[in-house]
Every structure is written in C-alpha cells, then in structure tokens.
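S.K.: Pasting a structure here, questions to come.
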Amino acid sequence: MELAKESIRSNDRSRYFVQGIWALITNSFLIGFIQGKIYQGKIKNVCVPGLNCYSCPGAVASCPIGSLQAVIGSYEFKFAFYVAGFMIVIGSIMGRFVCGYLCPFGFFQDMLHKIPFYKKPKTFKGDRPLRKLKYIILIVFVILMPLFIVDIIGQGTPYFCKLICPAGTLEGGIPLVLMNETLQKTVGWLYAWKNILLVITIIASIIIYRPFCKYICPLGAIYSIFNPISIFKYRVNPEKCIHCHACATECKMNVDPVKNANDLECIRCGKCKSICPTNAIEYTYFKEKYTY
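The opening position of the sequence shown corresponds to residue 5 in my numbering, with each subsequent residue numbered one higher.
Printed below as a string of structure tokens:
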C-alpha cells in the first residue's frame, strides 16, 4: 500500500511540474503583468490547447474557446474553421489529457484542492446530472448566442467569457484592473458579478475536486467527446486486472476505468495507472489491444 501511495505522489509531482511549466510557457510575457497591457504579437493568432485567457497580460497565445466565440458569428470563416479544426485535432490526439496536463486553470484548481478542509466529498447527489451543464453552456453561450446575437456588422460577443468564465477573471480581469487606472474607473456590476463567480469557484475547488472542469468548462466538454476515439487512450488488460476497484476508488473524477477506461469525464491524470497493483492499466495508441 505504501508503495502504491508513493507511486501516486510521484505521478502527481510529475503532473504538477508539467502543468506549472506549461502555465509559465503560455503566460511568459511577464512584463505584461507589470505594465498592465496585453501581448499583441503575431503568436496571439495561435491557440493553446487549454483554457488560458486571451486577456491575461502574460498570455502569448489565445484561448480556443474565446477565439471560437469571437469569430463564429463574423465573416472570418477561415479563422473560425482554424479554431474548430485546432480543437478537433487536439481532441483527436489527446482527448481530455489536455485537461489533466495542459490547462493552467486546471492546475489552479488542483492546487486549491490541496488546501485542508474538514470534509471533502468525493461525490454528492446530483453530481452526475450536473456534469451535463458544461455541454449546455457550450451549446448556448459558446455557439448559439455568439452565432445569432450579433451587431450590425455581424460580429458576435464572447458571452461565455463575458458572463461566466472565472479563468478570464483570474487571469485577465483582475491583473488588468489592478494595473490600469483607467479600467478601475470603468468597472461596474459585470466585473463584480464575475468576481463573485470566481470566489464561488475558488471555494468550491477547495471542497470539490475540479468543479469547473466537471460542471462548467465548455472546452472540457469538447475534448470529452474525443476521449473514446482519441489516439492516446487508456486500456485495461483483462489478464492482469484483479477487480480490486483501487483505480475507481482513487479516481477524483469518479471514473471506473474497468467499466470504461476512456470515460468522458476522465482527464487522464494517471492516478488509476499509478495505484493499480498489477499494472493492468496501460497507455495505448491507435488500435485497441484488449477487449473483454
């Protein structure tokens, strides 16, 4: 048991290291935090795989969800196809591996959940139905509203970023307002509302593991669709599996790898693979190696 726990700790350390380095790389325009300005270089036309706000002063590239909202209702069809194609390619290769390793806001939630709290429920009544909310948010706020509610020149508004996204508030809204006196004079009810949502997300993340990923994130909703068909997958070797349920017990996303190793909720963090006493959970590519 101690060996298994050490294996999990080692896996977590490796994953946190990758998450931290990636967050630093994608927000490497550090002078932007000092100047209170957004990086406007050519790299900003490129999307990163994870949820990383375009308006973050340190961001050197764009968030795919923010980019999709910005162009889906406009005449920039080529760029809209690029954004959609980018997410399809990333999803087809990795699925929700992005959520587990390449999302700065996922990393933020991981660190918050380490804060001690007297009781941290693994699940609760209504947890599973609530997870469908992210798909509704994707369809309504990311696709339909920016597509059909447009201005006179056909330009939509990024409604998810504007009304909901706590990552945008944390990474973009707060740093820009703190460093820009002009913005400080213009903040109003919307800024207050977004900060309330951020506070709720922070508190929820301390108690519940990755609540934003589970219930809200539209990017996670997109990548989840590719989990069963992506090139990078998990497989359970039936010849090695002893049905001890250690993997399901350890999974903080409430996935049972034996029942479905590529569940839509799996963020491929590797905890199940680390805890498995017989090494029955394996990485596979392209073709399925094992079937029950």
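C-beta: ideal position from N, C-alpha, C; glycine also.
Tell me the start and end of each unbroken alpha helix (DSSP H) in the region 7-85 that is at least 4 residues and wholly inside, in chain order.
M.R.: The qualifying runs are 35-39, 68-75.
S.K.: Unbroken beta strand (DSSP E) runs of length 3 or more, entirely within the region 214-271: which are they?
M.R.: Within the region 214-271, the complete beta strand (DSSP E) runs of at least 3 residues are 236-240.
S.K.: Give the range of the alpha helix (DSSP H) segment to which Y105 is assigned.
M.R.: Here residue 105 is taken as the residue at index 101 of the sequence shown, counted from 1. Here the alpha helix (DSSP H) through Y105 covers 101-105.
S.K.: Helix, strand or coil for T127? Go by DSSP, reduced to three states.
M.R.: Looking up residue 127 in the sequence shown gives position 123. Correct three-state label for T127: coil.
S.K.: Taking I285 as part of the beta strand (DSSP E), name the residues at either end of that continuous run.
M.R.: Translated into the one-based positions of the sequence shown, residue 285 becomes position 281. From DSSP, the beta strand (DSSP E) with I285 extends over 285-289.
S.K.: Could you tell me how far apart the beta carbons of L187 and V181 are, in whole angstroms, since I believe they sit closer than 8 Å?
M.R.: As a working note, residue 187 is residue 183 in the sequence shown. As a working note, residue 181 is residue 177 in the sequence shown. At roughly 5 Å, the Cβ-Cβ gap stays under 8 Å, so L187 and V181 are in contact.
S.K.: If we call anything under 8 Å between Cβ atoms a contact, is F216 one with F101?
M.R.: Indexing the sequence shown from 1 puts residue 216 at position 212. Indexing the sequence shown from 1 puts residue 101 at position 97. Against a cut-off of 8 Å, the Cβ pair of F101 and F216 comes out as no contact.
S.K.: Tell me the rounded alpha-carbon separation between K129 and M183.
M.R.: Looking up residue 129 in the sequence shown gives position 125. Looking up residue 183 in the sequence shown gives position 179. Computed Cα separation, rounded: 42 Å.
S.K.: Would you tell me roughly how many angstroms separate the C-alpha atoms of K136 and E269, rounded to the nearest one?
M.R.: Here residue 136 is taken as the residue at index 132 of the sequence shown, counted from 1. Here residue 269 is taken as the residue at index 265 of the sequence shown, counted from 1. Cα-Cα distance, rounded: 11 Å.
S.K.: Within a Cβ cutoff of 7 Å, which residues of the same chain sit near Y58, ignoring the five residues on either side of it in sequence?
M.R.: Taking the sequence shown and counting its residues from 1, the one referred to as residue 58 is at position 54. Cβ within range, chain order: S66, C67, G70.
S.K.: Taking one C-beta from the region 272-284 and one from the region 251-263 each time, how about it: are there three or more such pairs within less than 8 Å?
M.R.: They touch, by the three-pair rule.
S.K.: When you compare only the Cα positions, how much space is there between P162 and I206?
M.R.: As a first step, residue 162 must be located in the sequence shown, where it is residue number 158. As a first step, residue 206 must be located in the sequence shown, where it is residue number 202. Taking the straight line joining both Cα atoms gives about 23 Å.
S.K.: What is the C-beta distance between G54 and S32, in whole angstroms, given that I count them as a contact (C-beta under 8 Å)?
M.R.: Mapped onto the sequence shown, residue 54 falls at position 50. Mapped onto the sequence shown, residue 32 falls at position 28. G54 to S32, Cβ: 15 Å. No contact.
S.K.: Could you tell me the boundaries of the alpha helix (DSSP H) in which I204 lies?
M.R.: Translated into the one-based positions of the sequence shown, residue 204 becomes position 200. Per DSSP, I204 belongs to the alpha helix (DSSP H) from 193-211.
S.K.: Can you give the Cα-Cα distance for Y294 and K263, rounded to whole angstroms?
M.R.: Here residue 294 refers to the residue found at position 290 of the sequence shown. Here residue 263 refers to the residue found at position 259 of the sequence shown. Bear in mind that a pLDDT of 46 at Y294, under 50, signals an unreliable position, so the model cannot answer this.
S.K.: Name, in chain order, the residues that DSSP records as bridge partners for V154.
M.R.: Position 150 of the sequence shown, counting from 1, holds the residue named residue 154. Beta-bridge pairing links V154 to G160.
S.K.: DSSP three-state call for P121: helix, strand or coil?
M.R.: Here residue 121 is taken as the residue at index 117 of the sequence shown, counted from 1. Residue identity differs from the one stated: residue 121 is Phe in this sequence, not Pro. Reduced to three states, the DSSP call for F121 is coil.
S.K.: Measuring alpha carbon to alpha carbon, tell me which of S228, I119, E185 ends up nearest L142.
M.R.: In the sequence shown, residue 142 corresponds to position 138, counting from 1. Looking at the Cα atoms, S228 is the closest of the given residues.
S.K.: Compute the Euclidean distance between the alpha carbons of A284 and A252, then round it to the nearest angstrom.
M.R.: Mapped onto the sequence shown, residue 284 falls at position 280. Mapped onto the sequence shown, residue 252 falls at position 248. Their Cα atoms are separated by approximately 13 Å.
S.K.: Roughly how many angstroms lie between the CA atoms of G24 and L116, to the nearest whole one?
M.R.: Position 20 of the sequence shown holds residue 24. Position 112 of the sequence shown holds residue 116. Spanning the two alpha carbons is a distance of roughly 14 Å.
S.K.: What residue range does the alpha helix (DSSP H) around K138 cover?
M.R.: Translated into positions along the sequence shown, residue 138 becomes position 134. First-last of the alpha helix (DSSP H) with K138: 137-141.
S.K.: Classify I178 as helix, strand or coil using the three-state DSSP reduction.
M.R.: Translated into the one-based positions of the sequence shown, residue 178 becomes position 174. I178: helix per DSSP, three-state reduction.
S.K.: Buried or exposed for A208, please, with buried defined as at least 16 other CB atoms from any protein chain shown within 10 angstroms of its CB.
M.R.: Here residue 208 refers to the residue found at position 204 when the sequence shown is read from its first residue. It is buried - the Cβ of A208 has at least 16 other Cβ atoms within 10 Å.
S.K.: Out of L148, I211, S11, E243, which one is the CA nearest neighbour of Q113?
M.R.: On the sequence shown, position 109 is the one that residue 113 refers to. Nearest option by C-alpha distance: I211.
S.K.: Going by beta carbon distance, what residues of the same chain come within less than 8 Å of Q39, once the five residues before and after it are set aside?
M.R.: Within the sequence shown, the letter at position 35 stands for residue 39. Taken in chain order, the residues that qualify are P61, M183.
S.K.: Between N56 and T30, how many whole angstroms is the CB-CB distance? I'm expecting something under 8 Å.
M.R.: Along the sequence shown, read from residue 1 onward, the residue named residue 56 stands at position 52. Along the sequence shown, read from residue 1 onward, the residue named residue 30 stands at position 26. Right, their Cβ atoms sit about 5 Å apart.
S.K.: Run the CB neighbour count on Y296, radius 10 Å, all protein chains shown included, and call it buried at 16 or more, exposed below.
M.R.: Reading the sequence shown from its first residue, position 292 is the one you call residue 296. For Y296, the predicted structure reports a pLDDT of 41, less than 50, and the residue's modelled location is therefore unreliable. A value from the coordinates is still provided. Burial call: exposed.
S.K.: Just how far apart, CA to CA, sit R19 and I156?
M.R.: Counting from one through the sequence shown, the residue named residue 19 turns up at place 15. Counting from one through the sequence shown, the residue named residue 156 turns up at place 152. Approximately 46 Å between the Cα atoms of the pair.
S.K.: Around the C-beta of G45, are 16 or more other C-beta atoms found within 10 angstroms, so that it is buried, or is it exposed?
M.R.: On the sequence shown, residue 45 is found 41 positions in, with the first residue counted as 1. With fewer than 16 Cβ atoms within 10 Å of its Cβ, G45 is classed as exposed.
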